[in-house]
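In structure tokens:
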């Protein structure tokens, strides 16, 4: 029974440590977040995001769904403007596993030995999405959320991945520690 409990614990830890989105947020401590009920997208900011128009649409659809779930209403006269910007970077990981065996101390051509190299290189493109909430009246940033995750090139999974990233970011809104 102890083995089963230990195995379960290891499985839970490994699954939770594989969190695919790392998030952080910051906010204006003087902002009254209870007063914000409506939103609109801030087109000048969104137009500057350096991603494809298709990915912008995916992100905006995900933001709309999450803002609606939080009780916000899309409006032409909003309390909050929503803007986004993105950054990407490629992570290159080199794994070098050398395994060698032999006989004796030092090298000697008459003794057997072996050397097995298992080297691999992986490349992962990570994207960071920033979601900015701007007070529409004051034109001041009141909240910023950031999410970083490995990106997918699988067209069938892109919307799902965008939803996951946006949801993880907007879980931090409104700030709970105020």
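Residue numbers (mature numbering (1 follows the signal peptide of the UniProt record, and there is no 0)): -24 to -1, 1 to 154. Ideal placement from N, C-alpha and C gives every residue a C-beta, glycine not left out. Fair warning: this is a prediction, and the values are worked out from it, not measured in the lab.
query, result
"C-alpha gap between residue 46 and residue 68, whole angstroms", "38 Å"
"Assigned exposure category for residue 71 - 16 Cβ within 10 Å defines buried", "exposed"
"Length of the line joining the Cα atoms of residue 63 and residue 121", "14 Å"
"As assigned by DSSP and simplified to three states, the class of residue 130", "coil"
"Range covered by the alpha helix (DSSP H) that runs through residue 16", "Taken as a continuous stretch (DSSP letters only), residue 16 belongs to no alpha helix (DSSP H), being part of the beta strand (DSSP E) at 14 to 17."
"Residues near residue 25 by beta carbon distance below 7 Å, same chain, minus five either side", "32, 60, 61 and 62"
"Residue -1 versus 107, 15 and 52, residue with shortest Cα-Cα distance", "107"
"Rounded distance between the beta-carbons of residue 16 and residue 51, thought under 8 Å", "6 Å"
"Among 57, 41 and 125, nearest to residue 19 - alpha-carbon criterion", "57"
"Same chain only: Cβ atoms within 6 Å of residue 139, ignoring 5 sequence neighbours per side", "38"
"Residues near residue 43 in its chain [Cβ-Cβ closer than 8 Å; skip 5 each side]", "15, 50, 58 and 146"
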